[in-house]
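Residue numbers for the sequence shown follow our numbering, so the first one is 948 and each next one is one higher. Where is the CB? At the ideal position from N, CA and C, for every residue including glycine. To start, the structure itself, in structure tokens.
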Amino acid sequence: MEPGPFIPLTSDYGFKATFGNETNTLFLRTALQALIKSPVPIREVQLEKNAFEALTLDSRSGIFDLACTDEQGNHFIVEMQLAHTPYFVQRMEFYALHKFNTLVERGRFDYANLPRIYCIALLEKSILPTANYHTLANLRDEQGEPIDEQLTFILVELAKFNKPVAAIATDLDKLLYTMKKLHEVTEPTQYPKFWNEEWLQRAIDELNTRKMTPEERFQFARYTAINAEAVNAEKAAMLAIKLEAVKLGLQNGLPIDLVAKINGVNEETVQRIQRELTAE
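What follows is the structure, encoded as structure tokens:
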């Protein structure tokens, strides 16, 4: 990440400092209300444990980026994903249905009184074939009429959001603009007027490196180091897989130029691996 006055809201640290701020939940409450497109303000929100255990010995456990409940008992699951994830919808289904099953397991078998569950995905990349940057989905019939709204899935694809400041009016658009543009701003003259609204100002202050305490600077440096280490580990793992594929291609008699093209490496790399195989 290039150094600048503001930390990206979409980074691990930025997400935790804003959406996950337990000291003041104004930003989280307003953002959730905007994301679910509700006209009713969320007055209170309680952050919950974001790790969940498997329901059975052979089922999966997992971790949400954020889990919380509002004063009406509505449950929210929020995930921030920067990498391209083609099966993210299935992951959302897994999270939401796990939460649903957990509520039932706790003995709340009166289905008429089950609370609503909102599963929200904030994606940097695009995964749906539609042009919409905000997609809200629940159970509907073939005419599009709602059948049940107890489970609601919300996908935000930031790559599709390109509104200029002059066209922004809703809290949802203000949120998405801030998520995409804040870390690119270097001068106060570039601030849109809506950044003076209290809910956004609180979040922006949390991401302003010039206002960070020594402890916050340490935590930011720690998050940055962990992320860099994770990225490097992923790159190394992908390279290892690619080199194994090159070996497999050569062992099956494929020509060097074809192996290089299939695996996205140069021919010199393939020739080196061929020499190593010959030496073995």
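Could you check which residue in E1104, T1136, E1134 has the C-alpha nearest to that of L1122? When only C-alpha atoms are compared, the closest one is E1104.
P1033 versus L1044, Q1090, A1068, residue with shortest Cα-Cα distance: For the residues L1044, Q1090, A1068, the minimum Cα distance to P1033 belongs to A1068.
DSSP three-state call for I1278: helix, strand or coil? Because the chain here runs from 948 to 1227, residue 1278 falls outside it and cannot be looked at.
Excluding the five sequence neighbours on either side, which residues of its own chain have a C-beta within less than 7 Å of the C-beta of L1083, listed in chain order? The answer, listed in chain order, is K984, T1099, I1101.
Exposed or buried, what is L1004 when buried is set at 16 or more other beta-carbons lying within 10 Å of its beta-carbon? Because the pLDDT of L1004 is 42, which lies under 50, any placement of that residue in the model is unreliable, and the question is left without a value.
Under a Cβ-count criterion, where at least 16 other Cβ atoms within 10 Å of its own Cβ denotes burial, should L1224 be classed as buried or exposed? Result: exposed.
For F896, which residues in the same chain have their Cβ closer than 6 Å to its Cβ, ignoring the five residues on either side in sequence? The structure shown does not extend to residue 896, since the chain is modelled only from 948 through 1227, so no value can be given for it.
Starting from the C-beta of F953, find all residues in its chain whose C-beta is less than 8 Å away, skip the five residues before and the five after it, and write them out in chain order. The answer, listed in chain order, is L1129, H1130, V1132, I1151, L1154, N1155, T1156.
Count the other CB atoms, across all protein chains shown, that sit within 10 Å of the CB of K1158; report buried if there are 16 or more and exposed otherwise. Classified as exposed, K1158 has fewer than 16 neighbouring CB atoms from the shown chains inside 10 Å of its CB.
What whole-angstrom Cβ distance do F1047 and I1064 have, given they're in contact under 8 Å? The pair is a contact, with the Cβ atoms about 6 Å apart (cut-off 8 Å).
Those residues which DSSP pairs with F953 across a bridge: N1155, per the DSSP bridge assignment.
Between Q1097 and L1061, is the Cβ-Cβ spacing less than 8 Å? Result yes, Cβ atoms of Q1097 and L1061 sit closer than 8 Å.
My output table needs one value for F1108: the three-state DSSP class, helix, strand or coil. DSSP places F1108 in coil when its eight states are reduced to three.
Close-in-space but distant-in-sequence residues of the same chain around P955 (CB under 6 Å, 5 per side omitted): The answer, listed in chain order, is G961, H1130.
Just reading off the alpha helix (DSSP H) that Q1218 is part of, what are its end residues? Q1218 -> alpha helix (DSSP H) spans 1214–1226.
May I have the straight-line CA-CA distance separating I1115 from R990, to the nearest angstrom? Taking the straight line joining both Cα atoms gives about 25 Å.
Minimum C-alpha distance to E1144 - residue among T1117, E1162, T1160, P1161: For the set T1117, E1162, T1160, P1161, the Cα lying nearest the Cα of E1144 is the one of T1117.
Which stretch, first to last residue, makes up the beta strand (DSSP E) that contains L979? In this chain, L979 is not harboured by any beta strand (DSSP E); it is covered by the alpha helix (DSSP H) spanning 973–982.
What is the rounded straight-line gap between the Cα of A978 and the Cα of L1186? So the alpha carbons of these two residues sit roughly 39 Å apart.
Compare the Cα-Cα distances from L1070 to each of T972, E1214, D1012, D1088 and report the closest residue. Check the Cα spacing between L1070 and each of T972, E1214, D1012, D1088: the tightest is with D1012.
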